[in-house]
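Residue numbers (my numbering), protein chains in the order written: chain A, 56 to 258; chain B, 56 to 258; chain C, 56 to 258; chain D, 56 to 258.
Presented below is the structure to which this report refers.
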DNA sequence: TATGAATGAGGATTCATTCAT
DNA sequence: CATGAATGAATCCTCATTCAT
């Protein structure tokens, strides 16, 4: 392969990245439906035609973007959970990962939450669902373990526990997205941990 | 007033209701953007023109619908909280109201959660925000009381506690909406209560 | 015929008049296209349905209105021209009639001028054209007479003279309609007469 | 700049012209309200979408068209009046310009006259008004001069004289537009001049 | 590949007209 | 006759997508 071919390939990849970043910014700001392909093209400083050289449709552009973010989160989460042994530790590192991911991709996170049910093509729902399930299953193992060891109470369903953990992190995330000045998300890490493990009642 | 005028008025009100119900069903199914006015008209068994005799735009139709549901929830919640004295009791009745409301208006609830951030006219966000804040403030009072009486732990911020409670109920709601067959929401009432008050750790 | 039948008929006629007057006001204010049938109905304090009991369409309502005004003008003009003998006198009384008519029906006059070419159904154009032609022909006779008697110059075409007279009266009318405060139309009577008969050049 | 960019730019300009010309033809034929955007698109042999790439609304298309014609007339009139010294000469060249302009843009001229009062956005009325006032003021100067030199009679208001001149040219224009076969506008130049300067009375 | 003008199906909205009461 | 809710054809406008250069 000629060196020029390599450079061309690298450039192509870089342009693709630039488009995805522009898309993330605009979609996050305006939502999928209110965003026009031209909006994204303008932000990316390319023409619409060029966008269509990289993505076959607006839908695919959006999908590619979300999938990429899911994969990134997936990779990170898998990695961190891999090295963990204790249940409580698992909850902590998972939460940390999520919060960090949210910080890096604030914008798109909201879409991820908000337009999830309605507007996604089936394929993507499956992909998001798969990651979610993967995390849930891993957590369920940990929760079972924790129950067995007497660390966690046994009158709760492990699946419900995953829902609860997810809910709490989403809830504070959402609050932060809606009102970024009022809340500092990183301060909430400890709050979520305390609430999840011990509840609000005085012991 | 002639009797005919009365009947006409009653009919008009009924037709308005029918349109709102049709709108609720279709918006819930397809989301705001994917729903056409003709979709709603067809479901309501009216012509598009008739819809515009009741609502000045698609936007207003949607807004009216959401506002109506918010007001219903607001009324209920206000009523039940009125009679409550103890903090723990407050949490319980609030949760009950929410779950019941969700059952009655399953469809639109999802929009309420999902499209909240994007696409809504400011006025509506304010209306939704007002109800939320009202509930939060009432809860904060209860939580302060509970802390004073030693019932609740004092190292949590009352506002954060409201976020946590809201998150948990939204999370399970969401799960139920996404997967109504798998989960029975009414069973989750006790789960949420337990989690919120006592957390997952064994005592 | 029962007396009641008479009253009914009188009422019907009165209602028709009321609708026409409302129509004149609204059409004059907003123009034909921007006026809705409901606008007229509201101004007349009737329902739309009632309007359709009197006029078979919006078009016909408009047409009836214009025709009525044309007939009024026609009657007046015919009357005044009937009694006139001298050419110069004819011009004077014609002008007077026009200006008076314009005063009474200021609003609709503008439509009469402005939407003449484009929006009228053929029948109406013919009707308006007929009146115009009738006046023109009468004037042409007078002008011919005036030329024969040496009162008017002979190097002008009598038809052109009618156009000129009409133009001058329309022009000042238009100015008055556009800017009613600045110009008092009745003051312009003498100006038009002087211009038409003697032009601007000093003798 | 690449040569291609230049050609593209030229083409774009040409297409814009073509659309304006099509619009002139259709608006002139049917009037603003009866003309649909699709009518114009069809006449221009473009799709509706393309029209909207050039003009943001039907209204703006119309406005742009009228403004363009006004500017053309304005330029011409300003130029010809610049070089004139004598009052009578001023009237002659002004009239010539108007008649020539009318010949070139027959169609739209009628709108210019007929739909002037109603339906126009304020901005346009001001633009048209500005040109008119500019011409009027220039003429008023000439008329004052002519009065001072004893060329014109002094018992007429200069402003009224401008109205009269305008009326006469509009009147014959109008007649020609309504009935182009019967009248040759260019023949009327002399008629208008004679009427305006000397009136119909024999001296 | 990059460009951006052209396309046209799709959707929101209006309003003259009808008709059951 | 009077009413006014219901109708739906007509029309403006948007924007994802294509394609010639």
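We treat Cβ as the ideally placed atom computed from N, Cα and C, and that holds for glycine.
Using the DSSP secondary-structure output, state which residues sit across from residue i in a beta bridge.
| i | result |
| --- | --- |
| residue 256 of chain B | A:207 |
Hey, how far is the Cα of residue i from the Cα of residue j?
| i | j | result |
| --- | --- | --- |
| residue 99 of chain D | residue 64 of chain D | 19 Å |
| residue 141 of chain A | residue 204 of chain A | 11 Å |
| residue 232 of chain C | residue 97 of chain A | 50 Å |
| residue 107 of chain A | residue 106 of chain D | 24 Å |
| residue 95 of chain D | residue 102 of chain D | 9 Å |
| residue 187 of chain B | residue 133 of chain B | 11 Å |
| residue 227 of chain A | residue 144 of chain B | 24 Å |
| residue 50 of chain B | residue 61 of chain A | Look at the range of chain B in this structure, 56 to 258, and you will see that residue 50 of chain B is not part of it. |
| residue 234 of chain B | residue 92 of chain B | 28 Å |
| residue 74 of chain B | residue 135 of chain B | 30 Å |
| residue 241 of chain D | residue 192 of chain D | 26 Å |
| residue 139 of chain B | residue 149 of chain B | 10 Å |
| residue 185 of chain C | residue 131 of chain C | 15 Å |
| residue 113 of chain C | residue 221 of chain B | 58 Å |
| residue 183 of chain C | residue 129 of chain C | 10 Å |
| residue 209 of chain B | residue 251 of chain A | 16 Å |
| residue 104 of chain B | residue 85 of chain A | 30 Å |
In terms of alpha-carbon separation, which member of the options lies closest to residue i?
| i | options | result |
| --- | --- | --- |
| residue 211 of chain A | B:240, B:237 and B:257 | B:257 |
| residue 127 of chain D | D:137, D:153, D:109 and D:147 | D:153 |
| residue 4 of chain A | A:147, A:116 and A:183 | With chain A covering only 56 through 258, there is no way to say anything about residue 4 of chain A. |
| residue 229 of chain C | D:234, D:223 and D:233 | D:223 |
| residue 246 of chain C | C:70, C:72, C:124 and C:151 | C:151 |
| residue 83 of chain C | C:149, C:159, C:144 and C:112 | C:159 |
| residue 253 of chain D | C:186, C:207 and C:225 | C:207 |
| residue 66 of chain D | D:109, D:155 and D:129 | D:109 |
| residue 71 of chain D | D:87, D:227 and D:111 | D:111 |
| residue 137 of chain A | A:90, A:190 and A:69 | A:190 |
| residue 157 of chain B | B:139, B:125 and B:185 | B:125 |
| residue 115 of chain B | B:87, B:239, B:139 and B:255 | B:87 |
| residue 244 of chain C | C:155, C:183 and C:131 | C:155 |
| residue 255 of chain B | A:202, A:89 and A:225 | A:202 |
Check whether chain D comes within 9 Å of residue i, counting only Cβ atoms and requiring the distance to be less than that.
| i | result |
| --- | --- |
| residue 205 of chain C | yes |
| residue 219 of chain C | yes |
| residue 182 of chain C | no |
| residue 140 of chain C | no |
| residue 229 of chain C | yes |
| residue 241 of chain C | no |
| residue 256 of chain C | yes |
| residue 98 of chain C | no |
| residue 156 of chain C | no |
| residue 197 of chain C | no |
| residue 129 of chain C | no |
Of all Cβ atoms in chain B, is any one closer than 9 Å to the Cβ of residue i?
| i | result |
| --- | --- |
| residue 112 of chain A | no |
| residue 215 of chain A | yes |
| residue 71 of chain A | no |
| residue 160 of chain A | no |
| residue 94 of chain A | no |
| residue 246 of chain A | yes |
| residue 116 of chain A | no |
If we cut at 9 Å on Cβ distances, does residue i have a partner in chain A?
| i | result |
| --- | --- |
| residue 152 of chain B | no |
| residue 208 of chain B | yes |
If you measure from the beta carbon of residue i to each beta carbon in chain C, is any gap under 9 Å?
| i | result |
| --- | --- |
| residue 103 of chain D | no |
| residue 119 of chain D | no |
| residue 250 of chain D | yes |
message: Quick check: the stretch 195-203 of chain B against the stretch 188-202 of chain A, are at least 3 beta-carbon pairs closer than 8 Å?
response: The answer is no - the stretch 195-203 of chain B does not touch the stretch 188-202 of chain A, with fewer than three Cβ pairs under 8 Å.
Worksheet item: Is the stretch 201-221 of chain B close to the stretch 211-221 of chain A, with three or more CB pairs under 8 Å?
Response: Fewer than three beta-carbon pairs drawn from the stretch 201-221 of chain B and the stretch 211-221 of chain A are found closer than 8 Å, and the two stretches are therefore not classed as touching.
At least three beta-carbon pairs within less than 8 Å, the stretch 78-92 of chain A to the stretch 111-128 of chain A:
Because the criterion of three Cβ pairs below 8 Å is met, the stretch 78-92 of chain A and the stretch 111-128 of chain A touch.
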